Amino acid sequence: MPSKMNMAPLAQAALLCALLSTPYAALAQEQVVKIGVTGPLSGANAFAGKDNENGVRLAVEDLNAQKIKVAGKLLRFELQSEDDAGDPKQGVTVAQKLVDGGVKFVLGPYNSGVAIPASRVYNDAGALMSTVGTNPKITQANYKTVFRIVASDSQVGGSMANYAAKELKLRNVGVIDDRTAFGTGIATEFKRQAQAAGIKVAGHEFTNDKASDFAAILTSLRAKKVDAIFFGGYAPQGAPMARQMKALGLNVPLLGGDTLCSPEMAKLGGPAVGENVRCAQAGAIIARQPTGPAFLTKYKARFKRDPDVYA
């Protein structure tokens, strides 16, 4: 259903460029390579930021264990993790801090709304930014050092729209978005492509990424007899939305992008999150990759928990 991309070649190429552009002391026997990671380590989406950080940490530990040498010098990889709190302004501050500290390769930001303004800082400094943010605007600026390593909103939203039309046979849907760059982007693409596929969009409601009460907008969509709801937003809002749909007797599918694929949905939503929640993942599904099972085992052994979507 969702679009998938092979991230390994891009990541390897980006890392090589980072190595070649990192300043080293000429006579040093050990060369330090700083790897930055930025995401929400506080706030409602901290689970996602920490998951991303853990994945990068594991990769850095693996690289150091390989004792890689360049020009006869041992490389020592150092992780510098920064909390952008999912906030655009803080994300720009974090970006400036990382590039000022000589970081030339950054994994993140997690949120599209942070990635869009931060991308200029990284590009201006010649630092590679590799993000899972899906809003198309991230790459539309054509910055040479900015990469999105997953499918865009147009691909993910379109994938779910086609699934809704062809597999679920939906005819009348409601759309809700949280007014973030991610939520609005993916909801807009779903709406556009759903209508192109012959699905009526009965209503487009709005909330925000701090909300927890969705009764009013859900009641409005229930009155329009929708046979599904597409939510453009994150799991901390998607989970209570699913619970409230069930409480209101709105027993229709809740559709969304990769943020609803997160195990956090089940943790926060309980029994309300089940067969009725359908999501399109923007990246490769870990368990289905050749090295996936080994990674899952290693991650759990290292961090005593299963990974989320993008570790």
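For the sequence shown, this note's numbering gives the first residue as -16, with consecutive numbering after it. Beta carbons are placed, not taken as given, at the ideal position from N, Cα and C, and that holds for glycine. Predicted model, so just to flag it, every value in this text is computed and none were measured.
- With fewer than three CB-CB distances shorter than 8 Å, the segment 183 to 192 does not count as touching the segment 239 to 254.
- Of the residues assessed, N125 falls on the exposed side of the cut-off, its CB having fewer than 16 other CB atoms within 10 angstroms.
- By a beta-carbon distance limit of 8 Å, F197 does not contact A170. Their separation comes to about 14 Å.
- A straight line joining the alpha-carbon of I159 with that of V16 spans about 43 Å.
- In the structure shown, V129 adopts extended strand secondary structure according to DSSP, grouped into three states.
- DSSP, reduced to helix, strand and coil, places Q14 within a strand of the structure shown.
- Its chain contains N118, K120, I121, A164 as the residues whose beta carbon lies nearer than 7 Å to that of I99, once the 5 sequence neighbours on both sides are disregarded; these appear in chain order.
- Residue burial annotation: L233 is buried, with at least 16 other C-beta atoms found within 10 angstroms of its C-beta.
- For K183, DSSP records a beta bridge to N155.
- Residue G91 holds the alpha-carbon nearest to the alpha-carbon of E36 among G91, L111, V53, P276.
- In this model, V256 and A54 are separated by some 53 Å (Cα to Cα).
- The Cβ atoms of M112 and V139 lie no closer than 8 Å to each other.
- When the beta-carbon positions are compared, G166 and G221 stay at least 8 Å from each other.
- Rounded to whole angstroms, the gap between the alpha carbons of H187 and F173 is 11 Å.
- About 7 Å separates the beta carbon of A147 from that of V156, a gap short enough to meet the 8 Å contact definition.
- Classified as buried, A68 has 16 or more neighbouring CB atoms from the shown chains inside 10 Å of its CB.
- Secondary structure note for L90: its beta strand (DSSP E) is the uninterrupted segment 88 to 90.
- Excluding residues up to 5 positions away in sequence, G252, A255 lie with their Cβ nearer than 6 Å to the Cβ of R226 in the same chain.
- Annotation: the continuous alpha helix (DSSP H) that includes E44 extends over 29 to 48.
- Taking the Cα positions, V82 is about 39 Å away from Q176.
- In the structure shown, the three-state DSSP call for R226 is helix.
- Take G275, set aside five residues on each side of it, and the residues of its chain with a beta-carbon closer than 6 Å to its own are I269, in chain order.
- CA-to-CA, the gap between R154 and L24 works out to about 40 Å.
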